[in-house]
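*Asks:* Below are the structure tokens for one structure; questions will follow.
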Amino acid sequence: MASWRYYLAFWSRRTTATVVPAANAGQARRRATAQQQAGYGSLVSVQQANGADRRLIRQGVWVRRRRNGTSPQFGSRAEQAAARRQRSRYRRWL
Numbered sequence: 004m005a006s007w008r009y010y011l012a013f014w015s016r017r018t019t020a021t022v023v024p025a026a027n028a029g030q031a032r033r034r035a036t037a038q039q040q041a042g043y044g045s046l047v048s049v050q051q052a053n054g055a056d057r058r059l060i061r062q063g064v065w066v067r068r069r070r071n072g073t074s075p076q077f078g079s080r081a082e083q084a085a086a087r088r089q090r091s092r093y094r095r096w097l
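For the sequence shown, our numbering gives the first residue as 4, with consecutive numbering after it.
What follows is the structure in structure tokens.
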């Protein structure tokens, strides 16, 4: 039985990653490409999810992780509120 890990797929036209369960990075890349939606752009990178992200994934919470490693889910209340306002502003096309 293969051990499944969670990977974060980063896209050129999305500000945050999508979660892909896979056994390795190559399989994660193939699965992410198969799930690609219109408007995502091209696949930029695939990274293994860290401990905090894995906990959120197991809880069924949407993981919002940026390519530079930051996350609007972790940080001060002001930073979380600013991220929420930005998501609301661009919700139509995200």
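From the three backbone atoms N, C-alpha and C, an ideal C-beta is built for every residue, glycine too.
Since we're looking at a predicted model, the values are computed, not measured.
So TRP102 and LEU46 are supposed to be a Cβ contact under 8 Å. How far apart are they, rounded?
*Replies:* Within the shown structure, residues of the chain are numbered from 4 to 97, placing residue 102 beyond reach of any answer.
*Asks:* Start and end of the beta strand (DSSP E) containing THR21?
*Replies:* Locating residue 21 in the sequence shown gives position 18, counting from the first residue. 21 to 25 is the span of the beta strand (DSSP E), which, as asked, contains THR21.
*Asks:* So for ARG90, helix, strand or coil by DSSP?
*Replies:* Translated into the one-based positions of the sequence shown, residue 90 becomes position 87. Helix at ARG90.
*Asks:* In chain order, what residues of the same chain have a beta carbon less than 7 Å from the beta carbon of ARG68, not counting five sequence neighbours either side?
*Replies:* Sequence index remark: in the sequence shown, residue 68 carries index 65 (1-based). Cβ neighbours of ARG68 beyond the five flanking positions: LEU11, THR19, ALA20, ASP56 and SER74.
*Asks:* What residue does the alpha helix (DSSP H) around ARG61 start on, and which one ends it?
*Replies:* As a position in the sequence shown, residue 61 is number 58, starting the count at 1. Looking at the DSSP string, the run of the alpha helix (DSSP H) that includes ARG61 is 54 to 62.
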